[in-house]
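A.B. asks:
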Amino acid sequence: MSRTLLSLEHVTMQFGGVVAVNDLSMHVDEGEIVALIGPNGAGKTTAFNCITGVYEPTNGRISFEDKAIISNHPSGRMKRTYGGVEPELFASEKVLSPTPDEITRLGIARTFQNIRLFRSMDVFDNVLTAMHLRSRANVFSSVLRLSHREEKAMRDETEKLLKEQGLWKHRGDKATSLPYGYQRRLEIARALATKPRLLLLDEPAAGMNPQETLELAAFIREIKEKYSLTVLMIEHHMDLVMGISDRVYVLDFGSLIAEGTPEEIQGNQRVIDAYLGVSEDV
Amino acid sequence: MDRERRNHLIRLFAAIAIVYGLVAVLEFTLRPTSIVFTVLRKGAIYSLVAVSMNLLNGFTGLFSLGQAGFMLLGAYTYAILTMPTSVKESERVYKYYDALVRFDTGVVVGLIAAGLVAALFAFLIGLPVLRLKSDYLAIATLGFAEIIRAVCQWDVLGPITNGANLLREFKDLSRITLPFSDIPFPPTLFVFIVVGICILLIVLLINSTYGRAFKAIRDDETAAEAMGINLFRHKELSFVISSFFAGVSGALLAMFQYTVQAQQFRTVLTYEILLIVVIGGIGSISGSCIASFLYIALSEWWLRGLDMGTFLGIHAPDLFRSGFRRLVFSVIIMVIVLFFSRGIMGDKELSFERMRSWVSGRIRRKEGAR
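Those sequence lines, one after another, are chains A and B. Residues 1 to 282, numbered by the working numbering, are exactly what the first sequence covers, in order. Residues 283 to 652, numbered by the working numbering, are exactly what the second sequence covers, in order.
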C-alpha cells in the first residue's frame, strides 16, 4: 500500500448561499491516476481551485505529503449562513490559506480547463518562465548577469523538457499559434517545468477527437512514469477516464456520490442516475 | 544560433556607439544654445521616463499613472542634496526658511539618491495600491502622485523643500565636470550616458528571469500564479524599479531645467509620458525612445513656427500665433492614436533585420505596383 499524497477532509466551499462543494473527502495515493468526474456544475473545478489555493475553502482541511497545507472553518458572517456540515470540526485549528504560488512551490502543478498559456511568448519562453520559481538569483544578480550559470541551467532543462515532449521543433513559435493538441501538451510541459509531485489536469481532453484522446491517454501514462508523478484529473471523456484511471470519484451537486475503480463506477446506479437523470415514473 | 546572437549584439553596440559619437561631435561643433541640444537632452530624459513607465504598463501589465510624483521626488532629492552648502546657508534660495539639510553631495550620489528616494516611496505606496487592478490602480497612483506634489508645497516642509518656491543653483547641466577636476563635461553627452546606462539596466531586467515573470503576469495573472510566481512580490518589484528610474529621470529633468518647482510635476506630465509610451508602442523599449525624441522634436522645434508667425516658409502672423502649435499638435496626436493604435513599433523592438525586411518589402510592393 503506497502512502497518501493528497487528502481532502470534509472540504466545503460555499459562495454566498450556494454550496458548490459539500463535505468532500477524498485521497490520492502516490503513483495513482485518479479521476474526478461528474455532470456539468457538479463542483469539480471548484474542488480543484480549493486544492490549488485559488479559493479559500469555507470549511475543511487539505493535506499534502501528510502535512496540512490548507485548513479553514466558517467564521464571521459565514458562521451564520453556513450550509455545509461539521462547522466545528476544524475550529480549533490554525487557519491556513496559502496563495496559489505557494501551493505550486510545494509541488502541486495544474493545467486549466480553458488553456491559459502566456500568449505573447514563444513556446520556449513559456516553459522557461515556469522555472522562475526555482531561481535562487535575486534581482540584482539576475540583471547584472551574475547568475548566468543558473540561467544556462534553466535553458538546458527547458530544452530537454521540450525535446522529451516533442515540442522542440515548435520552440520559436508563438504559443497561441500552435494547434490545439499541442497547446494542451505545452500547458502540461509548462506545468512539469515546476517539477511537481502531483499534477492536476482540468479536462485535458476537452475539445479533442477520439484519436487525440487516445494519444493523450498514452501521453499521460508516459509522463506519469517518466517523472514519477501522481495525477488527479477532471474529465468528461469516459473513454479516457475508464482507460487510465486507477480510481474514480464522482461528484454531483457538490457532493461525493460514489468512489471506486472504473468498473465499479460504471455499474453504480447512483452515477448512472446522476448522468442520465431519473425517470419520474419509476 | 549563438553566432547570430553575437552578431546581433555587435551590430547593436556599434549602432549605439555611433549615436554617442554623433552626440559628442555635435557637442563640439554646434553652438551650445542650439535648439538641437534642447531636443536631444529633453528627448533623452523623456525616453528614460517613458521606458520606466513601459516597464510597468507594457511589460508587467500594471496601469499606473504615478510617474510625475516619482519624478518630483527625484528632482527635489537631487536639488536639495547637490545644492552647495554655501548657497543653502545664504539667503539666495531659502528665502523664508532656514535650510535643514546642510551638506551637499556630488552629481552621481545625487542621481542615485534621487532614484532611491523615489523607490522607497514607491515601495510604501505599492503596499496598499498594488492590490488594486487596472483602472482602480491608475486612479490610486494618480492620486498619490498629486498627494506627493501637494505635500511638497506644504509650508511646514519649507526648511527642506522651500515650500512652493523655486529651488535653484544646484548642480545643473552647466556645472558638470569630470570627476576630481574642474574640466567641464559635455552636458548632452552626460545626459545620454546616464540615460543609456539606465535603459540598458531596464533592458537587462526585461530579458532576465524576473522580466519573464513580469511578462507572465501581464499575459495571464492566474496562470502566472499557478506557475509559482508570487503576484504581489513581483508587481511590487516592478513598481519599485520603475519608480527608481522615474526618480533618476526627474533628477535629470531638474538638471536640464536649472530650477525645480512642484508646479512642474502636474498630472499633465504623466499624460505626456503615457502618450509617448502609447505612440511608441506598449511593450517596446525602442518604440518609447523613438517616440519621445519625435514628441519632443515636434513640440519644441519643428512646430515652433506655428507660434512664431512663419511655418514652412508660409508667413501668416494672423493664423500662426501663440497657441496654434498646440492645436496642430493635438490633431497630429489624435491622428496617430486613431490610425496607429498599436504605436510606431507595436510590441516589437527595432532591429536591423526588421528594418531590412521592411525596406525590401516596400521596394517589392512598389515594383509590384508597376
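Where is the CB? At the ideal position from N, CA and C, for every residue including glycine. None of these values were measured; they are calculated from a predicted model.
1. Let's see if you can read the secondary structure: which residues bound the alpha helix (DSSP H) around His-148/A?
2. Taking Cβ-Cβ distances below 9 Å as the criterion, which residues of the region 79 to 112 of chain A are in contact with chain B?
3. State buried or exposed for Tyr-180/A, treating a residue as buried only when at least 16 other CB atoms are found within 10 Å of its CB.
4. Sort Glu-507/B, Lys-370/B, Lys-453/B, Ala-326/B by Cα distance to Phe-118/A and report the nearest one.
5. Mind checking Tyr-492/B: buried by the 16 CB within 10 Å criterion, or exposed?
6. Got a sec: is the Cβ-Cβ distance from Phe-64/A to anything in chain E below 7 Å?
7. Residues of chain B with CB closer than 7 Å to the CB of Thr-194/A, please, in chain order.
8. Classify Gly-41/A as buried or exposed, calling it buried when 16 or more other Cβ atoms lie within 10 Å of its own Cβ.
9. Between Arg-221/A and Pro-204/A, how many whole angstroms is the CB-CB distance? I'm expecting something under 8 Å.
10. Over what stretch of residues does the alpha helix (DSSP H) that includes Gly-60/A continue unbroken?
11. Arg-149/A: buried (16+ other C-beta within 10 angstroms of its C-beta) or exposed?
12. Going by DSSP, what residues sit across from Ser-285/A in a beta bridge?
13. If you run the structure through DSSP and keep just helix, strand and coil, what is Phe-467/B?
14. Let me check understanding here. Comparing Cα to Cα, which of Leu-409/B, Ala-598/B, Ile-555/B lies closest to Lys-517/B?
15. Mind listing the chain B neighbours of Val-123/A? Cutoff is C-beta to C-beta under 9 Å, in chain order.
16. Tell whether a beta-carbon distance below 7 Å holds between Leu-449/B and Val-542/B.
17. Does the CB of Ser-254/B have a neighbour CB from chain A at under 7 Å?
18. For the region 474 to 561 of chain B, list the alpha helix (DSSP H) runs that are entirely contained and at least 4 residues long, ordered along the chain.
19. How long is the line joining the alpha carbons of Ile-244/A and Leu-36/A, rounded to whole angstroms?
20. Rounded to the nearest angstrom, what separates Ala-400/B and Ala-422/B at their Cα positions?
21. Taking the alpha carbon of Asp-386/B as the reference point, which residue from Thr-364/B, Ala-395/B, Arg-374/B has its own alpha carbon closest?
22. Compare the Cα-Cα distances from Ile-561/B to each of Val-617/B, Pro-314/B, Ser-372/B, Arg-515/B and report the closest residue.
23. Using the C-alpha atoms, what's the distance from His-10/A back to Asn-59/A?
24. Figure out for me which residue from Pro-314/B, Thr-342/B, Lys-370/B, Leu-291/B has the closest Cα to the Cα of Phe-514/B.
25. Unbroken alpha helix (DSSP H) runs of length 4 or more, entirely within the region 75 to 141 of chain A: which are they?
26. Fully enclosed by the region 179 to 222 of chain A, which beta strand (DSSP E) runs are 3 residues long or longer?
27. Beta carbons nearer than 7 Å to chain A: which residues of the region 514 to 539 of chain B have them?
28. Would the beta-carbon of Asn-339/B fall within 7 Å of that of Asp-101/A?
29. Given Ile-327/B, which residues of its chain have a CB within under 8 Å of its CB, disregarding the five upstream and five downstream residues?
30. If contacts are defined as beta-carbon pairs under 8 Å, then Thr-158/A and Leu-199/A qualify, I think. What distance do you get, rounded to the angstrom?
31. Candidates Asp-437/B, Leu-393/B, Gly-388/B, Ile-488/B: which alpha carbon is nearest Ser-463/B's?
32. Just to make sure I have the definition right: I need the residues of chain A whose C-beta is within less than 8 Å of the C-beta of Arg-494/B. Which are they?
33. I need the DSSP call for Arg-450/B, collapsed to helix, strand or coil.
34. Identify the residues that DSSP records as bridge partners of Ser-593/B: which are they?
35. With burial defined as no fewer than 16 other Cβ atoms inside 10 Å of the residue's Cβ, what is the status of Val-85/A: buried or exposed?
36. Would Arg-77/A pass as a contact of Ala-505/B if the rule is Cβ separation under 7 Å?
C.D. replies: According to the structure shown:
1. In the first sequence, residue 148/A corresponds to position 148, counting from 1. Its alpha helix (DSSP H) spans residues 148 to 164.
2. Answer set for the region 79 to 112 of chain A: Thr-99, Pro-100, Asp-101, Glu-102, Ile-103, Thr-104, Arg-105, Ala-109, Arg-110, Thr-111, Phe-112.
3. The sequence position of residue 180/A within the first sequence is 180, counting from 1. Its Cβ having fewer than 16 others within 10 Å, Tyr-180/A is exposed.
4. One-based indexing of the first sequence puts residue 118/A at position 118. Per the Cα distances, Glu-507/B.
5. For this step, residue 492/B is matched to residue 210 along the second sequence. Buried.
6. Given the protein chain composition of this structure (A and B), no chain E is represented.
7. Against the first sequence, residue 194/A aligns to sequence position 194. Within chain B, the residues near Thr-194/A are Met-509, Gly-510.
8. Taking the first sequence and counting its residues from 1, one reaches residue 41/A at position 41. Burial call: exposed.
9. Start at 1 with the first residue of the first sequence, and residue 221/A comes out as number 221. Start at 1 with the first residue of the first sequence, and residue 204/A comes out as number 204. With a Cβ gap of about 12 Å, Arg-221/A and Pro-204/A do not count as contacting.
10. For the purposes of this step, residue 60/A is taken as the residue at position 60 of the first sequence. Judged by DSSP secondary structure, Gly-60/A falls outside any alpha helix (DSSP H) and instead within the beta strand (DSSP E) spanning 59 to 64.
11. Here residue 149/A refers to the residue found at position 149 of the first sequence. So Arg-149/A counts as exposed.
12. Shown here, chain A extends from 1 to 282; a query on residue 285/A therefore has no answer.
13. Position 185 of the second sequence, counting from 1, holds the residue named residue 467/B. Reduced to three states, the DSSP call for Phe-467/B is coil.
14. On the second sequence, residue 517/B is found 235 positions in, with the first residue counted as 1. Comparing Cα positions, the closest option is Leu-409/B.
15. Taking the first sequence and counting its residues from 1, the one referred to as residue 123/A is at position 123. For Val-123/A, no chain B residue has a Cβ inside 9 Å of its Cβ, as the nearest lies near 13 Å away.
16. Start at 1 with the first residue of the second sequence, and residue 449/B comes out as number 167. Start at 1 with the first residue of the second sequence, and residue 542/B comes out as number 260. A contact, by the Cβ cut-off of 7 Å.
17. Residue 254/B falls outside the range modelled here, since chain B spans only 283 to 652, and no answer is possible.
18. 491 to 501, 503 to 508, 513 to 539
19. For this step, residue 244/A is matched to residue 244 along the first sequence. For this step, residue 36/A is matched to residue 36 along the first sequence. Rounded to the nearest angstrom, the two C-alpha atoms are 13 Å apart.
20. Numbered from 1 along the second sequence, position 118 holds the residue referred to as residue 400/B. Numbered from 1 along the second sequence, position 140 holds the residue referred to as residue 422/B. Cα-Cα distance, rounded: 17 Å.
21. Walking along the second sequence from the start, residue 386/B turns up at place 104. Among Thr-364/B, Ala-395/B, Arg-374/B, the Cα nearest to that of Asp-386/B belongs to Thr-364/B.
22. Taking the second sequence and counting its residues from 1, the one referred to as residue 561/B is at position 279. Ranking Val-617/B, Pro-314/B, Ser-372/B, Arg-515/B by Cα distance to Ile-561/B puts Val-617/B first.
23. Working through the first sequence from its first residue, we reach residue 59/A at position 59. Working through the first sequence from its first residue, we reach residue 10/A at position 10. Taking the straight line joining both Cα atoms gives about 7 Å.
24. Within the second sequence, numbered from 1, the residue matching residue 514/B stands at position 232. Selected option, being the one with the closest Cα: Thr-342/B.
25. 77 to 81, 100 to 106, 123 to 129
26. The region 179 to 222 of chain A contains these whole beta strand (DSSP E) runs: 198 to 202.
27. Leu-519
28. Locating residue 339/B in the second sequence gives position 57, counting from the first residue. Locating residue 101/A in the first sequence gives position 101, counting from the first residue. No, the Cβ-Cβ distance between Asn-339/B and Asp-101/A is not below 7 Å.
29. The count along the second sequence starts at 1 and reaches residue 327/B at position 45. So the list reads Val-473, Val-477, Ser-531, Leu-534, Leu-535, Phe-538, once near-sequence residues are dropped.
30. Sequence index remark: in the first sequence, residue 158/A carries index 158 (1-based). Sequence index remark: in the first sequence, residue 199/A carries index 199 (1-based). Thr-158/A to Leu-199/A, Cβ: 18 Å. No contact.
31. Within the second sequence, the letter at position 181 stands for residue 463/B. Ranked by Cα distance from Ser-463/B, the options Asp-437/B, Leu-393/B, Gly-388/B, Ile-488/B are led by Gly-388/B.
32. If you number the second sequence from 1, residue 494/B lands on position 212. Per Cβ cutoff of 8 Å: Met-121, Asp-125, Leu-128, Thr-129, His-132.
33. To locate residue 450/B, count along the second sequence from 1; it is residue 168. Of the three classes helix, strand and coil, the one that applies to Arg-450/B here is strand, per DSSP.
34. For this step, residue 593/B is matched to residue 311 along the second sequence. The identity of residue 593/B in the sequence shown is Phe, whereas the question assumes Ser. Phe-593/B pairs with Ile-596/B.
35. Reading the first sequence from its first residue, position 85 is the one you call residue 85/A. Under this definition Val-85/A is an exposed residue.
36. Taking the first residue of the first sequence as 1, we reach residue 77/A at position 77. Taking the first residue of the second sequence as 1, we reach residue 505/B at position 223. No.
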